[in-house]
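Taking it in order: structure first as structure tokens, then the write-up.
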Amino acid sequence: MTALRKAWTIALLSLTITARDRGALLWRLAMPLLMTVLVGAVFGEGAAGARTPVAVADEDDSTYSRLFAERLGKEPTVGLRKTTGVEARALLEDGRVAAVIFIPKGFAARINTGKDADVSVRFDPRRGPPMLVTEIVREVAMRLAVDAIAGEFTAALAVRETQDPSLGPAVRRRAIDRADSRWSPTPPVTVNVEVASALAPDRRQRLPTGMEQASPGFAVMFVMMAAAMSAATLVVERQNGTLARLMTTPTRRASILGGKISGIYLQGVVQMGILIIVGWGLLGVNWGQAPAALALLVATYLFSATGLGVMLAAVVRTEAQVSTLFPVVTIIPAMLGGAWWPIEVAPRYMQTLAYAVPQGWAMTGFVNIITRGLGLAEVLPQAAALAGFGIAFFVVGILLFRFE
Amino acid sequence: MTSKALFIAAKDLSIRARDRRALVVLLAMPMALIFILGLVFNPMWQGTAEFQRIPVVVVDQDQGEIARLLVEQVLGTGEIGRMLRVDHAGQPADARNLVLRGRRAAGLVIPRGFSQAVMTGRPARLMLFTDPAQSIRAGIVNSIVNRFGAEVVKRQVAITVAAETLIVERIMTPATVVAAIPSWLKDVEQFTGRQAVAIAEERGSGPRFPAAIDYYAVGMGVMYLLFGVSMASQSILVERREGTLARMRTTPTGSSDIIAGKLLATFLTGLVQFSLLVLFTSVFYKVRWGSPLLLLLMIGATALAAAGLGTFLAALARTPEAVESLAPAIILPMSFLGGAMFPVYFMPPWLEYVSRLTFNRWALDGFLAIMAGAQTPVAIWQPLLALLAMSVVFLTVGAWRLRFR
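Top to bottom, those sequences are chains H and A.
When you line the first sequence up against this note's numbering, it's residues 1 to 404, in that order.
When you line the second sequence up against this note's numbering, it's residues 1001 to 1405, in that order.
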């Protein structure tokens, strides 16, 4: 057999061994899929968890008071329910709604007579201030303020022209009415929002979907874990002397090492392939529309992960040390890199740290492909960075690797 | 419990205490995780998230008075100006491209004729491109632009409605209205400050939500307790395999003593581990855990239930290697469901029910209640009961299945 064939045989052998190891399968396939499903269930598009539950207690039930419920009802990330003032307090205390909007009786009457009206937003302290809900309430309040101002202004002018103060209230009412009617069918100023995405219109996401974040995020983390576990296997083989024994065979060291490394890479390819296909087929994960870009990103990420595994195996002496380093090279960088939550959510300095680890570059690439629908050209920088990481890891790993 | 059991327990504990790797994994790791999670989530939960300057690109095809007001005054100065980093592009397509690649969070296009439409009382439009991967920041820009729109609209609507109404009511003629409008433009400013609707934002009654770092101290602490206990129960299996356990049975020590001793060691491991975590997080992260008495009670119940779970796990797995794979496979999803990583309040109702089946959920509820200021055991009777029930069930089943043959 040639050196290449020997290496290939070693590679295939390691793949077969892993495929039969139930613990390995659990960690590499079952766990990421399970975690993706769980997180997706909580934050996914269809899940109720994606919508903030909000209640409106409208004790006035007038054209103006109803505006709040109408506007909130149009917001896709809000799950609206109508309730009464009494029931609302209970809902809030039980934690079944994140916020309650109270509109007291007489709301419209106060506006029509030129007085200030009150609305209160009461939120569940366990969830914190509901920023979006408050913003929406402010929006409706602004509309009513516009109406009220128009009413006030018109009434003042009318009184000034006719010198008859008794005209004021009636004119005000009519003016407010007229002002409010200007908001439909088209408001005076509309802001058309377009989500800038390269995805085909029917695949464009309006809501941030937990699945889109969770699926690549967990794949990224568990692939690195698989690489670290393979490193542990190599270290154990070295400890046991199995590796040294291979040196007594006619196979060259380069073939052995090459075979082992290819084996790790191959396992990564199979793992990632299964995760992507199952994610796409079974869980409805959108992996973007640029297979070439996806393939390049996956290939370079696996390259960097394999490199890290080799470097780990070269640098570390005992299996116990691998276990200790395990979370440091897998869980923490995954968090920093945006695998657990969207990078956007983290403070700026943490976002910068993401670029210090391969996981960060991988997640950026996945976001480009999946969320923005971009292609090969936009993913090249990430692929290049990952390749760079891989090369650096491999150089260190291969130079330092000892068979005994 | 006989003195032999105690002795076995003490011996086991001393062996474990010397396991440096365990120390790192079970103490250093959760400390690191708590720190990171606290850092990341605290600003969001406290509502004080400060977003670094949001990059926005503007295409002003109108160049009219209102457009310039928006771009130069509103987006360019004051508090809003400090929130944004604004630059310009020539064409809408260029702006869209920048947002598409993620270089800007949002792109604003002011079409030609915007100012004209506003000043003549016709509906006007603005266009905003948003980056789907920066939805929070884009949302903020959206809100700012909308509010500007509303300010503009205040004056426009006031004047047009006044004109219409006064004409319809026959208070003024169209000609006098047209003549008056220039002075109206000044007069209206007196009215535009009106709020009309006052919004009161109130915090509902109920416990204050803890800071992220406090929450994760509990969440991660409980999760790592499970890992610690699973490692401890692994050692029971190792001893069983290596025959040392069988060898112990040739001694006058009864097997029930051996089991009792091992279980005690597992329980004490958990107790010590969690207590150390409480200590370290109080000292280094200033986490306030609450009433020491209740805390002790809670730690005891939690360690007991954890020991039960660990024993059950060992019984299920049968070999130490199997525990290594099985333990995280059970602990991670269960911890997630129990609220270790995301608060249970964000979960849909059906998932919240499922979470009540998990050990983590009850432990978290108890500790969080103490953190929120509970002073009497009555406040935590439910978690205590649930944990004790779990302890009994799992310890019994686990110990029984582990009978050393």
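Backbone N, C-alpha and C fix where the C-beta goes; we use that ideal spot for every residue, glycine too.
None of these values were measured; they are calculated from a predicted model.
Val1071 (chain A) (DSSP reduced to helix, strand or coil):
helix
Report yes or no: do three or more beta-carbon pairs, one from the stretch 24–41 of chain H and one from the stretch 272–284 of chain H, lie closer than 8 angstroms?
yes
So, at 7 angstroms on beta carbons, what are the nonlocal neighbours of Pro208 (chain H) in its own chain, with the 5 sequence-adjacent residues on each side left out?
Per-residue confidence for Pro208 (chain H) stands at a pLDDT of 48, beneath the threshold of 50, marking its modelled position as unreliable; the derived number appears in the next sentence. Closer than 7 angstroms at the Cβ level, and outside the excluded window around Pro208 (chain H), lies no residue.
Any C-beta of chain A sitting closer than 8 angstroms to the C-beta of Val86 (chain H)?
no
Mind checking if Asp61 (chain H) is an interface residue toward chain A, Cβ cutoff 8 angstroms exclusive?
no
Can you find a C-beta in chain A that's less than 8 angstroms from the C-beta of Thr186 (chain H)?
Output row for Thr186 (chain H): interface = yes.
Examine chain H for any beta-carbon lying closer than 8 angstroms to the beta-carbon of Ile1136 (chain A), and answer yes or no.
yes
Is the CB of Ile17 (chain H) under 8 angstroms away from at least one CB in chain A?
no
For Lys1262 (chain A) and Glu1242 (chain A), what's the separation of their Cα atoms in angstroms?
Straight through space, the alpha carbons of Glu1242 (chain A) and Lys1262 (chain A) are spaced by roughly 16 angstroms.
Would you call the stretch 284–296 of chain H in contact with the stretch 352–372 of chain H, where contact means no fewer than 3 C-beta pairs closer than 8 angstroms?
yes
If we define contact as Cβ-Cβ less than 8 angstroms, is Leu1154 (chain A) a contact residue for chain H?
In the sequence under discussion, the amino acid at residue 1154 (chain A) is Lys, which differs from the Leu named in the question. So, interface residue.
According to DSSP, is Ser1391 (chain A) helix, strand or coil?
helix
DSSP has Gly79 (chain H) in a bridge; who is on the other side?
H:Pro53
Unbroken alpha helix (DSSP H) run spanning Thr1251 (chain A), endpoints
Premise fails: Thr1251 (chain A) is in no alpha helix (DSSP H) and is neither H nor E.
Return the bridge partner residues of Thr1130 (chain A) from the DSSP annotation.
H:Val195, A:Ala1106
What does a CB cutoff of less than 7 angstroms around Arg1405 (chain A) pick up in its chain, not counting 5 residues either side in sequence?
Legend: pLDDT at Arg1405 (chain A) = 45, less than 50; position of this residue unreliable, no value from coordinates given.
What would DSSP say about Leu207 (chain H), mapped onto helix, strand or coil?
With a pLDDT of 47 at Leu207 (chain H), under the threshold of 50, the modelled position of this residue cannot be trusted; read the value that follows with caution. DSSP places Leu207 (chain H) outside both helix and strand once states are collapsed to three, so it counts as coil.
Please go through the same chain and pick out, in chain order, the residues whose beta-carbon is closer than 7 angstroms to the beta-carbon of Gly1113 (chain A), but skip the five residues on each side of it.
Within the same chain, Gly1113 (chain A) has close Cβ partners Asp1062.
Can you list, in chain order, the residues of its chain with a C-beta nearer than 8 angstroms to that of Ala1389 (chain A)? Leave out the 5 residues immediately preceding and following it.
none
Say yes only if the C-beta of Leu399 (chain H) is nearer than 7 angstroms to one or more non-hydrogen atoms of the ligand NAP, and no if none qualify.
Although the ligand NAP was asked about, the structure shown includes no ligands whatsoever.
Beta-carbon proximity list for Ala55 (chain H), same chain, < 6 angstroms, skipping 5 on both sides:
Here Ala55 (chain H) has Arg81, Thr83, Ala88, Leu91, Val97, Val100 as same chain residues with Cβ atoms under 6 angstroms from its own Cβ, once five neighbours each way along the sequence are excluded.
State yes or no: is the beta carbon of Pro208 (chain H) nearer than 8 angstroms to at least one beta carbon in chain A?
Any reading at Pro208 (chain H) is ruled out, since the residue's pLDDT is 48, under 50, leaving its predicted position unreliable.
Look up Arg5 (chain H) in the DSSP assignment and say whether it is helix, strand or coil.
Looking at Arg5 (chain H) - three-state DSSP - the assignment turns out to be helix.
Relative to the C-alpha of Ala41 (chain H), which candidate in A:Glu1065, A:Ala1200, A:Pro1349 has its C-alpha closest?
A:Pro1349
Does any residue of chain H bring its CB to less than 8 angstroms from the CB of Ser1205 (chain A)?
For Ser1205 (chain A), the closest Cβ of chain H is nearer than 8 angstroms.
Quick check on the burial criterion: 16 or more other C-beta atoms within 10 angstroms. Buried or exposed for Glu378 (chain H)?
buried
Contact check, Ala1363 (chain A) vs Thr1281 (chain A) under 8 angstroms by CB: the rounded distance?
Not confirmed; about 15 angstroms, so no contact.
Measure from the C-beta of Asp1131 (chain A) to each C-beta in chain H and report whether the shortest distance is under 8 angstroms.
It does: the Cβ of Asp1131 (chain A) has a partner Cβ on chain H nearer than 8 angstroms.
Using the Cα positions of Phe102 (chain H) and Arg122 (chain H), report the straight-line distance between them to the nearest angstrom.
8 angstroms
Best match in A:Ala1232, A:Val1168, A:Gly1193, A:Val1059 for proximity to Ala1307 (chain A) [C-alpha to C-alpha]:
A:Ala1232
Going by the CB atoms, is the gap between Val133 (chain H) and Val78 (chain H) shorter than 8 angstroms?
yes
Which one or two residues does DSSP pair with Thr190 (chain H) in a beta bridge?
A:Arg1125
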